[in-house]
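Student: Structure in structure tokens, see below.
Number of protein chains: 4
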Amino acid sequence: MIQTQNFKDIVDQYKVIFFDSFGVIKNYQGLVPGMNKTFEYLEEQNKKYYIVTNDASRSPIQLADGFHKIGLPTIKYSNIISSGMLAKEYLDLKVHDGIVAYLGTPNSAHYIETSGLHTLPVSDINDSNINQVNALVLLDDEGFNWYSDLNKVVNLLRRRNIPTIVANTDLAYPLSSTDVAIAIGGIANMIETILGREFIRFGKPDSQTFMFAYDLVREKMSINKKDILMVGDTLHTDILGGNKFGLDTVLVFTGNTLPKDAETRIASTGIVPTYICDDAVVDIYPEYFHFQSK
Amino acid sequence: MIQTQNFKDIVDQYKVIFFDSFGVIKNYQGLVPGMNKTFEYLEEQNKKYYIVTNDASRSPIQLADGFHKIGLPTIKYSNIISSGMLAKEYLDLKVHDGIVAYLGTPNSAHYIETSGLHTLPVSDINDSNINQVNALVLLDDEGFNWYSDLNKVVNLLRRRNIPTIVANTDLAYPLSSTDVAIAIGGIANMIETILGREFIRFGKPDSQTFMFAYDLVREKMSINKKDILMVGDTLHTDILGGNKFGLDTVLVFTGNTLPKDAETRIASTGIVPTYICDDAVVDIYPEYFHFQSK
Amino acid sequence: MIQTQNFKDIVDQYKVIFFDSFGVIKNYQGLVPGMNKTFEYLEEQNKKYYIVTNDASRSPIQLADGFHKIGLPTIKYSNIISSGMLAKEYLDLKVHDGIVAYLGTPNSAHYIETSGLHTLPVSDINDSNINQVNALVLLDDEGFNWYSDLNKVVNLLRRRNIPTIVANTDLAYPLSSTDVAIAIGGIANMIETILGREFIRFGKPDSQTFMFAYDLVREKMSINKKDILMVGDTLHTDILGGNKFGLDTVLVFTGNTLPKDAETRIASTGIVPTYICDDAVVDIYPEYFHFQSK
Amino acid sequence: MIQTQNFKDIVDQYKVIFFDSFGVIKNYQGLVPGMNKTFEYLEEQNKKYYIVTNDASRSPIQLADGFHKIGLPTIKYSNIISSGMLAKEYLDLKVHDGIVAYLGTPNSAHYIETSGLHTLPVSDINDSNINQVNALVLLDDEGFNWYSDLNKVVNLLRRRNIPTIVANTDLAYPLSSTDVAIAIGGIANMIETILGREFIRFGKPDSQTFMFAYDLVREKMSINKKDILMVGDTLHTDILGGNKFGLDTVLVFTGNTLPKDAETRIASTGIVPTYICDDAVVDIYPEYFHFQSK
């Protein structure tokens, strides 16, 4: 079994911390126990932090609300970088008029709205408006009829050569300790294969996500990549992406990677985190806590 | 533009003809015009022929009925080899008891039934029967709820390490002159990618399909592969598979491959048919016909 | 740890045995200890057997010689099915004249020679003969200059749209207990990706290899697939291919799959052998042997 | 045929221009005719420009020298962003000591040298130093023995779980009007497939390359992505990467994409440039020039 390190000892060496959300801060049961102490410590120490997430199903404001509800009142929407924000930036820069069709809930579509563009669920596309559709965004696996709307997407893209943006590159996400759900990134793969095309994908491990966060940090302080730590539970997204961007990385065992599999997976993928910790909990009174818990 | 050859001149050189169905004999509008003359000629000349199809949504008897209805009364069910028949052979040989779960219509499930096995739609799997599920067969893109049943399949395969058979390897199939539908082979790709597994796939271009037909021919006559001609409209399935199995092949322009694209596609894929014809129509009075048609 | 079964108990239930060669009968050190007893037993019991191998670097006669030298005098060349034999059958059936260019040793090229065709190493192709080149066969990773000849192959296939046959689908093969060598199948992958083409591949897990062996058996006896057992050390080739062809399969631990990894690999790939044995040794006096070995 | 636009009219709308090198500024015959006038115009207009190239075989200083020799004296090394510079940044940030093994020429290795690290060709790795090897960089397809060193790389990575950096993601590069050469990116693909790993790749279309250039521009001026134009000849690298990063893009016909194929390729890939031009030549006296050329 791999020897893990104390998370606080690592955090103390860095000025800015990037956290993955699902599997690190929260999971399908709610707050990962003890993570409230981590964010209290970061506020107290005045360390900057960002939540860097592939969750494009809700806006940063809604994501922040979710953190408040599970007992993390200090996380502001401005601390959150989601792959959906990159989709919105793309639309701002590259699509100047017409309709942006989407797969996802109305909530997920709301926050990608941008001046001059009109968002429309794929189900509402018809012969009268198809020629105004200038982009397609795949946001979420919910909010549409898979059978009719996925077939509609394939035929839309055969008729209209428009940019297609995938705002969440994950293939699946956990629902419980045993079950997963197919994510929009998995669905996007299928449509790309059928059409023989490559969509525009935002989300970890892609560097553009890390760059978005890095740019926000640099607006507030002068910083070097060596001073930033990326904390995640998934080798292929958090750790690969953090490493490639030049950040030091921590793998934690509160999500996708189990302690018993870590060594094999690191060896077989060649994706090596800088550090490995049981969790991302900063426990400033660990002795006392252990005493209490008996 | 590619110079095409007369189909009758080619057919006359072979003892046995294998035909793809969709795009060669019929299309979304019904019979490909003139194909009735081809089958009349084959009967008259006493040439053996087989329809080799990736359509696993119906039994050979149902497929034969379909041909009768569009004006091809001589095609018997025993002339039809479908990838679904290979799925059934697999179950006969390799799965000895328990439940075979399936995605598809009840019709498609009916004909894979085999002694000792019970078929069950994926939607009916629950905690009380999941441990009896000993195989999963993906038959058709219709007959189930994509959202709930595809998610259920992913979790079934995470719990039960059972053989999964894909009875149709096509990614999509044509619905009209402009539109296509996602086929079960495309859906199977998505689930394989999410799970990191490789399913058991039956259907062209895989050799096992051609072998099944070849074995049926050899039961009736002594034959060499040089005496068999494969006729198809799709380079990646009919022509690649036929070539690899050692058969001479004809590409026709009544389906997936258009005359204007043929040269580019043959060059870019490296899949070269032995012959190219406009269609698979045997017109024994072509002069007269042309006279009439004026 | 997985519970293994006694190989003799399994063999006794089948009429015909297919063996993989490398990792089952021999390895980089020579004979797998005890395998001579297996072949003595098979001769004694008059059971039919075939060696089904992806080794296309030598002819069946040379492969048989190799078995004789390591102490298996009864294995005849007619017991050996190699993927190279399928390459030769393809050339016989589909390429009627001109030059067959090859990558491999002169030895490997010798046995694919067929009437009317002239074999030529890729290094000898030049402007004066390139238009006579009607097929390319990738046989072995040795016998040519990788830098100059692989670049030459890419440009040959850009100029000549000819069938390219890969006679060994393996990506790598073991050289010692720690090291591997890149196989011609791995090199073929690279060239396919660069060209955007799909070559014609022969070798396990492809069904055509098993069919070739099955046809040879059926020439000699009436047999059902249920009476054939496939024995191999590699899940992705021997076991996947055998299962798909409808055979019962045995995984042995004398080659690519180690006892400690078997359970994880079977679970992650979904490729499940019918049986698992330590090795393919038939030991008719196992008690006595164990007594001796103390 | 696609209607092209005048390059000067487009350039005049942007403050900063990013150019691909090969296929835009130069080709296998040297300078693309007229490109000297483009750089004269940019200097005259005081527009910022960068050459953004996947060529990691030489340092920016050597690349600048190459431009001077073909008649572009104003291009400074500080105007050049190569994927090799990202490899060097990665090593600076993430590899703190030991040996960096490499595939490539000594020239290509020279410029990735960084304090505290020692570079060593793969051919010089042996049992005495293999445990000091802390990273591997794939720089160029020349400067090593493909057969021995590629096999050595596979076994090095089986023993040492170290970051592997691919400094050029191209699969092949043009040598003449008809021939190409296999690039190190194509070789890297083969090794990844054999090992089942994913390497760290720098180069277009990856965003990190564009970000590196964007950061350099922002050090000198306040700029928005809307003010930057990316000019390239290849849809899959220059145009896809530029689009995804949020830049407007120009496809030119002086390299990989021919006018006759452009429409088909844009439709089949779904990669749509903002503009299409015959070349990237700014001709301020086009009338006069046309007069002369008659």
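Residue numbers (my numbering), protein chains in the order written: chain Z, 1 to 294; chain F, 1 to 294; chain D, 1 to 294; chain U, 1 to 294.
Here a beta-carbon is modelled for each residue, glycine too, at the ideal position from N, C-alpha and C.
(1) Any idea what DSSP makes of G30(Z), helix, strand or coil?
(2) Let me confirm a value: A87(Z) is counted as buried when at least 16 other C-beta atoms fall within 10 Å, else exposed. Which label applies?
(3) Could you name the residues that DSSP lists as bridge partners for Q5(Z)?
(4) Could you please give the first and the last residue of the uninterrupted beta strand (DSSP E) stretch that includes S82(D)?
(5) Check the Cβ-Cβ distances between Y102(U) and every residue of chain Z, and say whether any is below 9 angstroms.
(6) If you check the beta carbons only, do A188(D) and A172(D) fall under 9 angstroms apart?
(7) What is the DSSP secondary structure of N46(U), reduced to helix, strand or coil?
(8) Per DSSP, H118(D) forms a beta bridge with which residues?
(9) Report yes or no: is there a C-beta of chain F within less than 9 angstroms of the C-beta of F18(D)?
(10) Does the CB of K8(F) have a neighbour CB from chain D at under 9 angstroms?
(11) Give me, in chain order, the residues of the same chain whose beta-carbon lies closer than 7 angstroms to that of E113(Z); leave out the 5 immediate sequence neighbours on both sides.
(12) For the beta strand (DSSP E) that contains F19(Z), what are its first and last residues?
(13) For the candidate residues M230(U), I61(U), K69(U) and F245(U), whose alpha-carbon lies nearest to that of N36(U)?
(14) Flag this pair as yes or no: are the beta carbons of V295(U) and M230(U) separated by less than 9 angstroms?
(15) Measure from the C-beta of I182(Z) to each C-beta in chain F and report whether the shortest distance is under 9 angstroms.
(16) Q292(U): buried (16+ other C-beta within 10 angstroms of its C-beta) or exposed?
(17) Need the endpoints of the alpha helix (DSSP H) that A109(Z) sits in, please.
(18) If you draw a straight line from the alpha carbon of P296(D) to that of G203(D), how long is it in whole angstroms?
(19) For F67(F), which residues in the same chain have their Cβ closer than 6 angstroms to its Cβ, ignoring the five residues on either side in sequence?
(20) Flag T193(F) as yes if its beta-carbon sits less than 9 angstroms from any beta-carbon of chain Z, otherwise no.
(21) Spell out a yes or no on whether the region 152-168 of chain U and the region 154-167 of chain D are touching, meaning 3 or more CB-CB pairs, one atom from each, closer than 8 angstroms.
(22) Give me the chain D residues within the contact set of N155(U), using Cβ-Cβ distance strictly less than 8 angstroms, ordered along the chain.
(23) Who does F22(U) pair with in a DSSP beta bridge?
(24) Can you tell me whether I284(F) is buried or exposed? The criterion is at least 16 other CB atoms within 10 Å of its CB, across all chains shown.
(25) Taking 9 angstroms as the threshold (beta carbon to beta carbon), is S28(Z) in contact with chain F?
(26) Check each candidate in A64(F), D248(F), Q132(F) and L31(F) and name the one with the smallest Cα separation from T78(F).
(27) Closer than 9 angstroms, Cβ to Cβ, to anything on chain Z: give me those residues from the region 249-274 of chain U, in chain order.
(28) Buried or exposed: where does Q56(D) fall if 16 or more other Cβ atoms within 10 Å of its Cβ makes it buried?
(29) Given V281(F), which residues of its chain have a CB within under 8 angstroms of its CB, disregarding the five upstream and five downstream residues?
(30) Looking at chain A, which residues of the region 142-167 of chain F have a Cβ within less than 8 angstroms of any of its Cβ atoms?
(31) So with Cβ pairs under 9 angstroms, would you call Y90(U) a contact of chain Z?
(32) If we count the other Cβ atoms within 10 Å of its Cβ and call it buried at 16 or more, is G71(F) buried or exposed?
(33) Under 9 angstroms, do G23(U) and G255(U) count as touching if we go by C-beta distance?
(34) Write down the C-beta distance between M190(F) and K48(F) rounded to the nearest angstrom, noting that I regard them as a contact closer than 8 angstroms.
(35) Rounded to whole angstroms, what's the CA-CA distance from E89(D) to P174(D)? Just pull it up for me.
(36) Step through the CB atoms of chain D and report whether any lies within less than 9 angstroms of the CB of V240(F).
Tutor: This is what the structure holds:
(1) Locating residue 30(Z) in the first sequence gives position 30, where the first residue counts as 1. In this structure, G30(Z) counts as strand in the three-state DSSP scheme.
(2) Along the first sequence, one-based indexing puts residue 87(Z) at 87. Per the 10 Å Cβ criterion, buried.
(3) Within the first sequence, numbered from 1, the residue matching residue 5(Z) stands at position 5. The partner list for Q5(Z) (beta bridge, DSSP) reads C277(Z).
(4) Taking the third sequence and counting its residues from 1, one reaches residue 82(D) at position 82. Note, S82(D): beta strand (DSSP E), I80 to S82.
(5) Locating residue 102(U) in the fourth sequence gives position 102, where the first residue counts as 1. Closer than 9 angstroms: no.
(6) Within the third sequence, numbered from 1, the residue matching residue 188(D) stands at position 188. Within the third sequence, numbered from 1, the residue matching residue 172(D) stands at position 172. Against a cut-off of 9 angstroms, the Cβ pair of A172(D) and A188(D) comes out as no contact.
(7) Here residue 46(U) refers to the residue found at position 46 of the fourth sequence. Correct three-state label for N46(U): coil.
(8) In the third sequence, the residue the question calls residue 118(D) occupies position 118. Beta-bridge partners assigned by DSSP to H118(D): I99(D).
(9) Within the third sequence, the letter at position 18 stands for residue 18(D). False, the Cβ-Cβ gap to chain F never drops below 9 angstroms.
(10) Residue numbering aside, residue 8(F) sits at position 8 when the second sequence is read from its first letter. No, K8(F) does not count as interfacial toward chain D.
(11) On the first sequence, position 113 is the one that residue 113(Z) refers to. So the qualifying residues of the chain are T119.
(12) Counted from its first residue, the first sequence places residue 19(Z) at position 19. Taken as a continuous stretch (DSSP letters only), the beta strand (DSSP E) holding F19(Z) covers V16 to F19.
(13) Reading the fourth sequence from its first residue, position 36 is the one you call residue 36(U). When the alpha-carbon of N36(U) is set against those of M230(U), I61(U), K69(U) and F245(U), the nearest one is in K69(U).
(14) Past the boundaries of the shown model lies residue 295(U); chain U is included only from 1 to 294, so the question cannot be answered.
(15) Along the first sequence, one-based indexing puts residue 182(Z) at 182. Taking Cβ atoms only, chain F reaches closer than 9 angstroms to I182(Z), which makes this a yes.
(16) Taking the first residue of the fourth sequence as 1, we reach residue 292(U) at position 292. Confidence is the limiting factor: at Q292(U) the pLDDT is only 44, short of 50, which leaves the residue's position unreliable, though a coordinate-based value still follows. Burial call: exposed.
(17) By 1-based counting over the first sequence, the position of residue 109(Z) is 109. Where A109(Z) is concerned, the enclosing alpha helix (DSSP H) stretches over P106 to H110.
(18) As shown, chain D starts at 1 and ends at 294. That puts residue 296(D) outside it, with no answer to give.
(19) Translated into the one-based positions of the second sequence, residue 67(F) becomes position 67. So the qualifying residues of the chain are I75.
(20) In the second sequence, the residue the question calls residue 193(F) occupies position 193. Interface residue, yes.
(21) no
(22) Working through the fourth sequence from its first residue, we reach residue 155(U) at position 155. Within 8 angstroms Cβ-Cβ: T178, D179 and V180.
(23) Residue 22(U) sits at position 22 when you count from the first residue of the fourth sequence. In the DSSP assignment, F22(U) is bridged to K26(U).
(24) Your numbering for residue 284(F) matches position 284 in the second sequence. Looking at its Cβ environment, which holds fewer than 16 other Cβ atoms inside 10 Å, I284(F) is exposed.
(25) Stepping through the first sequence from its first residue, residue 28(Z) is reached at position 28. Position check: residue 28(Z) holds Tyr in this sequence, whereas Ser was assumed. Not an interface residue.
(26) Within the second sequence, numbered from 1, the residue matching residue 78(F) stands at position 78. Reading off the sequence, residue 78(F) comes out as Ser, not Thr. Checking every option, the nearest Cα to that of S78(F) belongs to A64(F).
(27) I266, A267, S268, T269, G270, I271, V272 and T274
(28) Taking the third sequence and counting its residues from 1, one reaches residue 56(D) at position 56. First, the amino acid is wrong: residue 56(D) is Ala here, not Gln. Result: buried.
(29) In the second sequence, the residue the question calls residue 281(F) occupies position 281. Once the five neighbours on either side are set aside, the close Cβ partners of V281(F) are F7, V32, P33, G34, M35, K37 and T38.
(30) Absent here is chain A; the protein component of the structure consists of chains Z, F, D and U.
(31) Within the fourth sequence, numbered from 1, the residue matching residue 90(U) stands at position 90. Yes - at least one Cβ of chain Z is within 9 angstroms of the one on Y90(U).
(32) In the second sequence, counting from the first residue as 1, residue 71(F) sits at position 71. Per the 10 Å Cβ criterion, exposed.
(33) By one-based count along the fourth sequence, residue 23(U) stands at place 23. By one-based count along the fourth sequence, residue 255(U) stands at place 255. Yes, these two residues count as a Cβ contact at 9 angstroms.
(34) Along the second sequence, read from residue 1 onward, the residue named residue 190(F) stands at position 190. Along the second sequence, read from residue 1 onward, the residue named residue 48(F) stands at position 48. That belief does not hold up - the Cβ atoms of M190(F) and K48(F) are roughly 39 angstroms apart, past 8 angstroms.
(35) Working through the third sequence from its first residue, we reach residue 89(D) at position 89. Working through the third sequence from its first residue, we reach residue 174(D) at position 174. Linking E89(D) to P174(D) through their CA atoms gives a straight-line distance of about 28 angstroms.
(36) As a first step, residue 240(F) must be located in the second sequence, where it is residue number 240. Contrary to the premise, residue 240(F) reads as Leu rather than Val in this sequence. So, interface residue.
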